[in-house]
Structures are given as structure tokens and as C-alpha cells.
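Going line by line, the protein sequences match chains A and B. Numbering-wise (my numbering), the first sequence opens with residue 530 and increments by one. Numbering-wise (my numbering), the second sequence opens with residue 39 and increments by one. Think of the CB as a built atom: it goes at the ideal place given N, C-alpha and C, for glycine as much as any other residue. Below is one structure, written out as C-alpha cells; comments come after it.
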Amino acid sequence: MGAPRSKLRSTHDAIDRQIIAALRRDGRAQSTAIAEELGLSGNLVANRIRAMDAAGTMRVVAVADFRVHGYRMLARIRLQVNGRSPLDVAHELAARDDVLAVHLTSGRYPISCLYAFASARDMIEAARDVSSRIAGVEDVDVELLNTVYRYRPSIGPIARPDEDAA
Amino acid sequence: MTAPFLPTDPLDRDIAIRLARDARTSFRQIAGEVGVTEGTVRTRVKRLQSAGLLRLEPIVDIASSDGDGTTPISRHMAFITVRCQAGWIDTVRAALLAMPQVEALYDANAARRIVAICLVDSLADVATVTNAVIAIEGIRDVDSELVLQTIKYDATIGPIATVEDGAREPFDQA
């Protein structure tokens, strides 16, 4: 199902934004129902959703709580690196299944990752492993997400070139 | 302590995984793949949704621009970590939650440390947010980190059962 557009756009127009707003109310709303609500054709709505998805500018995803995946805790682990490119270290971390996100940042710790654990023991082992088994890691800051008050990822870095090429 | 969250099983996980990339996938197709009836898939999804453990929603890429297309928006993500003075954490947290740029917020390490994940529209906005945070009364120090590059990001798993969304017990670390 190729995108019926000559090129993939990165800008959403007024119609795209109306469709996204409708999907925020119900992510599984039928294209025909959205079309009726907005006074558009069902084909147009279906094509727009497909085109945004293909361009990676918008996706309707299922966001599951980490507990549904069998994890019990999350931690932010930040790393200082010496004598090795932080990018290489970041890729090494990204290859681990339990690492959900990896960012390079401007801070004191140039690498920041979100790590999920099934138990406290796993967390302790991972912290030890990251500091002793990944070359170039100088210092590690492990911070448990204790109480989460807000989590609203309605905008995020979803169109990553080196990930999810499907 | 009673279990604060709805217990889930491998079937819930299998369904969540099959919906993850495209939440509009038909329940009939998922039912065929995981070997249960379409009705079971529907019931499981409803149950997870009402427990606040699953959301089916659009996520817009950080690099896409809306507006009229003539004014490109460069969005950035920033992590702001604050340490609070003794007795001030609730006040500081409320002030941070009132800021529109704060997309996610958690208490870390049970040590008067709060982390706010912000989404800003420009580099100048990073300074605006950081300055506003520093001005909050009761803060000991502020550390602001701008995300320069994202190597991995999974939008389909996160701590979505939050205090703000009515989770009874904030976080079970038992």
C-alpha cells in the first residue's frame, strides 16, 4: 500500500490537523466516521492517515504501560564517556532490548537513556554492567522513576532514520 | 499492600505488541494472530484502556511542522532536573506541572529531585523555560539538558498510568 503522494511531506495542513484532532478523540475511529464529521470523503481521510504514517510525521500507536510488558520499574541512566565517541556508546546501549530510549544531550552527562527492569536485582545488575562492560563509560548516574505525575507523549521523535525501518 | 494496578498477562502483552505500531489494526486480524476470538481482543483492549494501561492515540513527529507551513517550528526536547529545598517539593512540583511545556514529570530517587521533560518550540524557548524554573521558589538547583540527537525512542511503551490520570497508588516499586 504505497502512499498515493508524489512526495512525502513533513508539514501538516489544516485537513491533516483536523484528522489528527479526531484521532485524539478516538484513535480507532473509522475513516468514514471521521470523514462524515469533517465533511470530507472517506477515501481522502484514509489516504491522509496513510500518507502521514508513511512519511513518519504522525502515527496512531498503542502506548502500553511498561507493566503490561512485564517490567516493574524504570530508571533514567545517564553516562559520562571518556576516550570514545558518545554516539558509539549510545548505539551500544540502544541495541539492548530493555533500553527504551537513548538521547545525546547537552548536559554534564552526554548520554541519557531510559531503562526498564523486571526487578530491583535486574536494575542493580544493569547499572553495574553499564559501568563496567561498556567501553569508554566514565561515570554513571542511575535515577529511579519513583512517582510519575504526568506522561503525555503526544509529540515525540518518532521518525528516526536508524530505527523501525518497517 | 494491595496490588495497585490491574494484573495483566501475556495475552494482554501480545495484543499490545500487535497494536503498537498501528493502533488501527483490525481486531479480527489480531485475534487470528494470537489465537483468540475477536470479542476477546476487544474485551482485553477495553479493559486495559479503562485501567489506564493502554492508550490508542496519534503521536506527531517532533520534526513535523504544523501551522500554515510558512513558519517552520523547530521543536526540541529538554530534560530539566531540579533539586528542591526541604519541605518545598509539593509546591515546586505544582509550579512545574502548571507550565505548558512540561510533557512529562516524575519524582526521582525519593530525594527531593524532580525531573520534567519539556517540549519547546525554539532554542530561545529553552532559555525561557529554564529561567522560569529557576525563578520557582523552593528550588535548590536546576540542571537543564537539551536533547541534541535521539538514537532510540519507543513511543509505544512508557509510564502511562500516572498520578495525573488517576492512578491510585503512584508507582509500585515493590
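Answer yes or no: do residue i and residue j have a C-beta to C-beta separation smaller than 8 Å?
| i | j | result |
| --- | --- | --- |
| R679/A | V140/B | yes |
| V610/A | G665/A | yes |
| T586/A | D163/B | no |
| L186/B | S635/A | yes |
| I68/B | A593/A | no |
| E183/B | S641/A | yes |
| L608/A | V659/A | yes |
| L674/A | R601/A | no |
| V120/B | I152/B | yes |
| I687/A | I198/B | no |
| T676/A | D128/B | no |
| L633/A | I189/B | yes |
Assign residue i to one of three DSSP states: helix, strand, or coil.
| i | result |
| --- | --- |
| F646/A | strand |
| I640/A | strand |
| G196/B | strand |
| G665/A | coil |
| L186/B | strand |
| D203/B | coil |
| P96/B | strand |
| E621/A | helix |
| D626/A | coil |
| K61/B | According to the sequence displayed, residue 61/B carries Ala and not Lys. A61/B: coil per DSSP, three-state reduction. |
| R588/A | strand |
| G70/B | helix |
| H541/A | coil |
| G474/A | The structure shown has nothing for residue 474/A, since chain A only spans 530 to 695. |
| I174/B | coil |
Which term fits residue i, buried or exposed, when burial requires 16 or more other beta carbons within 10 angstroms of its beta carbon?
| i | result |
| --- | --- |
| P639/A | buried |
| E95/B | buried |
| A173/B | exposed |
| E654/A | exposed |
| A695/A | Per-residue confidence for A695/A stands at a pLDDT of 34, beneath the threshold of 50, marking its modelled position as unreliable; the derived number appears in the next sentence. Looking at its Cβ environment, which holds fewer than 16 other Cβ atoms inside 10 Å, A695/A is exposed. |
| I544/A | exposed |
| S661/A | exposed |
| K84/B | exposed |
| D47/B | exposed |
| R577/A | buried |
| G556/A | buried |
| S614/A | exposed |
| S102/B | buried |
| G73/B | exposed |
| A148/B | exposed |
| M530/A | Confidence at M530/A is low in this model, with a pLDDT of 43, below 50, so its placement is unreliable and the value that follows should be read with caution. Its Cβ having fewer than 16 others within 10 Å, M530/A is exposed. |
State the CB to CB distance for the pair residue i and residue j, rounded to an integer number of angstroms; the pair is presumed to be in contact (CB under 8 Å).
| i | j | result |
| --- | --- | --- |
| A54/B | A647/A | Wrong, their Cβ atoms sit about 16 Å apart, outside the cutoff. |
| T50/B | R82/B | Checking the displayed sequence, the identity of residue 50/B turns out to be Asp instead of Thr. Between R82/B and D50/B the Cβ distance is about 6 Å, and since that is below 8 Å, they are a contact. |
| H114/B | L143/B | Their Cβ separation, rounded to whole angstroms, is 17 Å, which puts H114/B and L143/B out of contact at 8 Å. |
| A580/A | S560/A | So it is not a contact: roughly 13 Å between Cβ atoms. |
| C122/B | R62/B | No, C122/B and R62/B are not in contact; Cβ-Cβ is about 43 Å, not under 8 Å. |
| A116/B | V167/B | 7 Å |
What does residue i reach in chain B if we use C-beta pairs closer than 9 Å?
| i | result |
| --- | --- |
| V589/A | D60, A61, R62, L94, E95, P96, I97 |
| R657/A | Near R657/A there are no residues of chain B at all, since even the closest Cβ is about 18 Å away, more than 9 Å. |
| R553/A | E95, P96 |
| L608/A | Near L608/A there are no residues of chain B at all, since even the closest Cβ is about 12 Å away, more than 9 Å. |
| L633/A | V185, L186, Q187, T188, I189 |
Which chain B residues are close to residue i, counting only those with a beta carbon under 8 Å from its beta carbon?
| i | result |
| --- | --- |
| E672/A | A146, N147, R151, V153 |
| L567/A | Within chain B, no residue comes near L567/A; the closest Cβ sits about 15 Å away, beyond 8 Å. |
What residues from chain A crowd round residue i, counting only those whose CB sits closer than 7 Å?
| i | result |
| --- | --- |
| L143/B | Y678, R679 |
| R25/B | Since the first residue of chain B shown is 39 and the last is 212, residue 25/B is not available in this structure. |
Name the chain A residues that come within less than 9 Å of residue i, Cβ to Cβ?
| i | result |
| --- | --- |
| V201/B | T676, V677, Y678, R679 |
Counting only Cβ pairs nearer than 7 Å, list the residues of chain B close to residue i.
| i | result |
| --- | --- |
| D651/A | Here the premise fails: no neighbours, minimum Cβ distance about 13 Å. |
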